[in-house]
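Asks: Could you have a look at this structure, given as structure tokens, before my questions?
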Amino acid sequence: MLVLTRKQNEIIMIGDSVEVTVIEVKGDQVKLGITAPRDIKVHRKEVFLAIQRENIDASRADVGKMGKIGDIFKKNDKNIGI
Amino acid sequence: MKIKTKPYGEIEVDEKQKIHFPEGIIGFGGLCNYYLLDSREGPFYWLQSEEEPELAFLLVDPRVFRHDYKLMVRESDLRDLNIKDKQDLLDFTIVTVPEDHSKISANLMGPILINRKTKLAKQVISENEEYTVKHYILEEMKIQRTRLLESENACSYTKAK
């Protein structure tokens, strides 16, 4: 891993088109500004991983046991009165 | 034409139901073609992989259990799907059904956007930071019900409906 030390308002360039600016350093938080072309997706890693994990869980549903899922909903619909 | 589906075995589908995810669904990158099927279970839909019959995601419109749901996504995500008009946008959330059905949940952090006209689709990351990957549907329906009853406008709301 390449490690660089930067001060506030200093910039790192990744390739020709991605810029990462250190906007603010406050306690244990660093605020970064990222400029990148549209086709480069920028995400917080933990968010991306959480969605990936949840998708995998969702894909594992046992369809054979799901016949009653709609019933749960209907019951609740009645409770709410809609 | 007929396709193999996870929930219903082999069924007849229409070409119109075909949805294309150029980037796939997060974690399932190689699989780009799906069919949107009406579910036989309540207000749900199935997103059935064309390439992998054993892969299907249960979808729901989150407004069914959260009337206050606000879709917040990046402009660039809408551009990727060529969505210029709100009318062209169809949005869902993926549902997780665990062994204990009362813990059924929806992923509001990673909504599915579909361009109704072109059938281009994408799973995006919500810009609304209040939303998480696990919203327990039955619990949130209860909260909504309580709010509705407590609300001073409950009466007029019911009348308006």
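Chain order of the listed sequences is A and B.
Going by my numbering, the first sequence opens with residue 1, and the numbers climb by one from there.
Going by my numbering, the second sequence opens with residue 1001, and the numbers climb by one from there.
Glycine included, C-beta positions come from ideal geometry on N, C-alpha and C.
1) Can you look up asparagine 1115/B in the DSSP assignment and give me helix, strand or coil?
2) Serine 59/A versus chain B: which residues are under 7 Å apart at the beta carbon?
3) Beta-carbon of isoleucine 56/A versus every beta-carbon of chain E: anything under 8 Å?
4) Look up glycine 1029/B in the DSSP assignment and say whether it is helix, strand or coil.
5) I'd like to know whether the C-beta atoms of proline 1062/B and leucine 1108/B end up nearer to each other than 8 Å.
6) With a threshold of 8 Å, are at least 3 pairs of Cβ atoms found where one atom belongs to the segment 1119 to 1136 of chain B and the other to the segment 47 to 56 of chain A?
7) List, in order along the chain, the chain A residues whose C-beta lies closer than 9 Å to that of lysine 1146/B?
8) Does the segment 1115 to 1130 of chain B come within contact of the segment 1020 to 1037 of chain B, defined as at least 3 CB pairs closer than 8 Å?
9) Of all the CB atoms in chain A, is at least one closer than 8 Å to the CB of methionine 1072/B?
10) Taking only beta-carbon positions, decide if tyrosine 1062/B is within less than 8 Å of chain A.
11) Roughly how many angstroms lie between the CA atoms of leucine 4/A and leucine 32/A, to the nearest whole one?
12) Methionine 1/A: buried (16+ other C-beta within 10 angstroms of its C-beta) or exposed?
13) In angstroms, rounded to a whole number, what distance separates the CA positions of glutamate 1023/B and leucine 1047/B?
14) Determine, using beta carbons only, whether arginine 38/A comes closer than 8 Å to chain B.
15) I need the straight-line Cα distance from phenylalanine 1065/B to glutamate 1150/B, nearest angstrom please.
16) Which value, in whole angstroms, describes the spacing of the CA atoms of asparagine 9/A and valine 22/A?
17) Going straight from the alpha carbon of arginine 60/A to that of phenylalanine 1092/B, what length do you get?
Replies: According to the structure data:
1) Position 115 of the second sequence, counted from the start, is the residue given in the question as residue 1115/B. Looking at asparagine 1115/B - three-state DSSP - the assignment turns out to be strand.
2) Within the first sequence, numbered from 1, the residue matching residue 59/A stands at position 59. By Cβ distance, chain B contributes Leu1055, Phe1057.
3) The structure shown contains no chain E; its protein chains are A and B.
4) To locate residue 1029/B, count along the second sequence from 1; it is residue 29. Reduced to three states, the DSSP call for glycine 1029/B is coil.
5) Within the second sequence, numbered from 1, the residue matching residue 1062/B stands at position 62. Within the second sequence, numbered from 1, the residue matching residue 1108/B stands at position 108. Cβ distance < 8 Å, so proline 1062/B and leucine 1108/B count as in contact.
6) yes
7) Numbered from its first residue, the second sequence carries residue 1146/B at position 146. Residue identity differs from the one stated: residue 1146/B is threonine in this sequence, not lysine. Those within 9 Å of threonine 1146/B in chain A number zero; the least Cβ separation is about 10 Å.
8) yes
9) Residue numbering aside, residue 1072/B sits at position 72 when the second sequence is read from its first letter. Interface with chain A (8 Å Cβ-Cβ cutoff): methionine 1072/B is excluded.
10) As a position in the second sequence, residue 1062/B is number 62, starting the count at 1. Sequence check: residue 1062/B is proline here, not tyrosine. So no, proline 1062/B is outside the interface.
11) Here residue 4/A refers to the residue found at position 4 when the first sequence is read from its first residue. Here residue 32/A refers to the residue found at position 32 when the first sequence is read from its first residue. Roughly 14 Å separates the two Cα atoms.
12) Taking the first residue of the first sequence as position 1, residue 1/A is located at position 1. Counting Cβ neighbours within 10 Å, methionine 1/A comes out exposed, since fewer than 16 surround it.
13) For the purposes of this step, residue 1023/B is taken as residue 23 along the second sequence, with counting starting at 1. For the purposes of this step, residue 1047/B is taken as residue 47 along the second sequence, with counting starting at 1. Distance between the alpha carbons of glutamate 1023/B and leucine 1047/B: 15 Å.
14) The sequence position of residue 38/A within the first sequence is 38, counting from 1. Chain B contact via Cβ: present.
15) Residue numbering aside, residue 1065/B sits at position 65 when the second sequence is read from its first letter. Residue numbering aside, residue 1150/B sits at position 150 when the second sequence is read from its first letter. Looking at the two C-alpha atoms, the distance is approximately 17 Å.
16) Here residue 9/A refers to the residue found at position 9 of the first sequence. Here residue 22/A refers to the residue found at position 22 of the first sequence. Rounded to the nearest angstrom, the two C-alpha atoms are 5 Å apart.
17) Here residue 60/A corresponds to residue number 60 of the first sequence, with the count starting at 1. Here residue 1092/B corresponds to residue number 92 of the second sequence, with the count starting at 1. Arginine 60/A and phenylalanine 1092/B: Cα-Cα distance of roughly 19 Å.
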